[in-house]
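In this note's numbering, the protein residues as written are 1 to 543.
The C-beta atom is built at its ideal place from N, Cα and C for all residues, glycine as well.
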């Protein structure tokens with residue numbers, strides 16, 4: 001068997017030879033770019049449990065995901081990564097959903113990083129609080145990083161390498177200074193007084209899952225890497241570096257300045273370690289690093305996000321103009337410009353609801369990714385490969401596939417009722433837009449009508465009625481079960497919390513209304529999915 005079982009990119013893309021360290025820096029920017037965000041976990045879960053969570057989830061969540069993505073990247077180093085893998089394993093419908101979820105999540109949250117860049121800077125540069133200046137600076141940031149991405153993947157990597165070194169150096173300094181000034185027990189108390197471990201976990205499990213998300217994004221650019229064998233090597237560098245960049249500065253901060261109840265993105269943070277031990281100027285310097293962190297993520301997200309719709313458009317599953325590649329540099333220019341334009345528009349709006357929608361998209365990716373690995377393992381046995389794969393036998397592979405799947409499903413439940421409910425909107429949009437784009441552009445049947453036949457009655461791929469039935473049925477059942485779980489999990493405090501959190505916001509401020517919508521909507525979806533599946537089996541059999 002050949003090392004690569006799929007074409008490794010779309011025609012016209014320019015390939016670049018990469019080093020493992022460059023892949024590692026790209027991963028660092030996509031996943032972490034510093035420990036910012038962990039501060040909010042500490043008062044919620046307690047210092048001891050926070051450190052334990054960071055260590056445990058590096059092992060049971062981040063490591064399996066990095067291994068799964070490494071194997072699939074080595075076997076199928078194709079542009080569009082997760083879209084191509086799932087298309088190969090589960091077909092056109094699920095492949096589109098996977099590509100849609102991954103790309104949409106980047107489109108929806110990329111503007112948040114631009115807002116954070118200017119927000120951090122405004123604390124030290126008051127003129128940025130002026131609305132027009134604020135807008136102009138944010139627009140300039142978007143334009144700058146769009147231009148960097150249009151120049152090419154090498155330029156993106158060069159910028160991310162500089163930013164990564166700066167960020168790692170800053171957190172290394174925090175770690176050293178914190179340990180030198182050790183005064184407190186960093187794991188005491190293990191959980192806040194009066195809270196059980198289960199209560200303390202609920203507030204932080206989704207935060208830590210989010211902190212370790214993003215490993216799969218680098219696969220979107222795999223078709224532009226001339227030597228894709230460096231991808232698994234880059235993962236071996238990045239994964240422990242990311243974990244240590246979270247764990248060590250957190251321990252150092254807690255043992256040097258304590259005050260665990262006051263930690264948070266609006267309270268005590270990593271920069272305070274330098275302020276208290278070295279002086280105010282070091283805190284200002286660390287704020288520059290915070291700005292660099294958000295810039296690094298935004299730069300990497302443009303690169304990863306712009307390739308998603310680009311590859312699906314090449315398969316006639318998105319508007320065809322997105323396939324446009326610059327002749328000189330071999331870059332998907334229009335896809336990059338579209339992401340930049342979307343960011344420039346969205347950076348002016350409130351992100352509260354959008355970010356609630358994004359979380360479930362990211363989690364759903366890991367559920368389908370595990371299934372894809374198991375199917376591809378069966379389809380392409382490792383005995384015939386000469387590329388990197390997970391060593392250790394089937395039990396280990398199943399463990400790596402199932403661990404993220406189980407955690408993702410649980411995280412969808414404990415993230416909050418509003419996340420759970422609105423998640424069905426964002427996840428369901430994948431099926432809706434598949435049908436729309438399939439009707440409009442034809443999909444893979446345009447490339448090979450014999451291999452990907454169309455059902456003349458539905459104008460969809462043969463078997464799609466069944467696939468849509470399974471999709472609707474599965475989420476209907478999950479909605480019903482999840483609603484009952486949430487009554488048990490949040491029923492005692494949920495009504496007061498959501499009313500306080502969302503005020504007069506329709507639906508999200510009313511816990512019991514959300515539960516009712518989940519139960520009734522889930523029941524309707526269960527019946528509709530079962531009917532659709534039954535009709536599909538009779539009139540639209542899967543080949």
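In terms of residue numbering, what span does the alpha helix (DSSP H) encompassing residue 545 cover? The first residue shown for the chain is 1 and the last is 543, placing residue 545 beyond what the model contains.
Helix, strand or coil at residue 325 according to DSSP, with G and I counted as helix: coil
Taking only the alpha-carbon atoms, compute the straight-line gap between residue 93 and residue 283 and give it to the nearest angstrom. Between residue 93 and residue 283, the C-alpha separation is close to 50 Å.
Could you tell me the boundaries of the alpha helix (DSSP H) in which residue 225 lies? Taken as a continuous stretch (DSSP letters only), residue 225 belongs to no alpha helix (DSSP H), as it is neither H nor E.
Opposite residue 63 in the DSSP bridges: which residues? According to DSSP, which records beta bridges pairwise, residue 63 is partnered with nothing at all.
When you compare the segment 11-28 with the segment 227-247, are there three or more beta-carbon pairs, one atom per stretch, that lie closer than 8 Å? yes
Can you name the residues that DSSP bridges to residue 268? As a beta-bridge residue in DSSP terms, residue 268 pairs with 263.
Less than 8 Å between the CB atoms is what I'm expecting for residue 32 and residue 204, so what's the real figure, rounded? About 17 Å separates the Cβ atoms of residue 32 and residue 204, ruling out a contact at the 8 Å cut-off.
On the DSSP bridge list, what partners appear for residue 296? Answer by DSSP bridge pairing: none, since residue 296 is not bridged.
Using only alpha-carbon positions, find the residue among 383, 260 and 518 that is nearest to residue 487. 518
Just to confirm, are residue 68 and residue 380 a CB contact at a threshold of 7 Å? no
Alpha carbon of residue 118 to alpha carbon of residue 141, nearest angstrom: 9 Å
When you compare only the Cα positions, how much space is there between residue 230 and residue 391? 17 Å
Which parts of the segment 92-121 are runs of the beta strand (DSSP E), unbroken and 3 residues or longer, counting only runs that do not cross its ends? none
Residue 488, enclosing alpha helix (DSSP H) - first and last residue: 464-490
Can you check which of these residues, 42, 270, 190 and 163, is closest to residue 178 by C-alpha distance? 270
Cutoff 6 Å; reference residue 149; Cβ partners in own chain excluding five residues on either side: Contacts found: 156, 302, 303 and 336.
Using DSSP bridges, identify the partner residues of residue 454. 461
Apply the 10 Å Cβ neighbour rule to residue 507 and answer buried if 16 or more other Cβ atoms are within range, or exposed otherwise. exposed
Distance between residue 75 and residue 3 (C-alpha atoms, nearest Å): Here the model assigns residue 3 a pLDDT of 44, short of 50, so the residue's position is not dependable and the matter cannot be decided.
Assuming contact is defined by CB atoms lying nearer than 7 Å, are residue 466 and residue 533 in contact in what I supplied? yes
Taking 8 Å as the threshold, find out whether the segment 48-57 comes into contact with the segment 278-293 through three or more Cβ pairs. no
Can you give the Cα-Cα distance for residue 345 and residue 193, rounded to whole angstroms? 44 Å
Please go through the same chain and pick out, in chain order, the residues whose beta-carbon is closer than 7 Å to the beta-carbon of residue 168, but skip the five residues on each side of it. 245, listed in sequence order.
Taking the CB atoms as reference points, tell me whether residue 113 and residue 294 lie closer together than 7 Å. yes
Exposure of residue 501, with buried meaning 16 or more beta-carbon neighbours within 10 Å: exposed
Just the Cα atoms here: how many angstroms apart are residue 377 and residue 97? So the alpha carbons of these two residues sit roughly 21 Å apart.
How close, in whole Å, do the beta carbons of residue 77 and residue 223 come, if the pair is a contact with beta carbons under 8 Å? 7 Å
What first and last residue would you give for the alpha helix (DSSP H) that runs through residue 519? 511-539
If distances are taken between C-alpha atoms only, which option among 414, 430, 126 and 151 comes closest to residue 546? For the chain, the structure presents residues 1 to 543; residue 546 sits outside this window and is missing.
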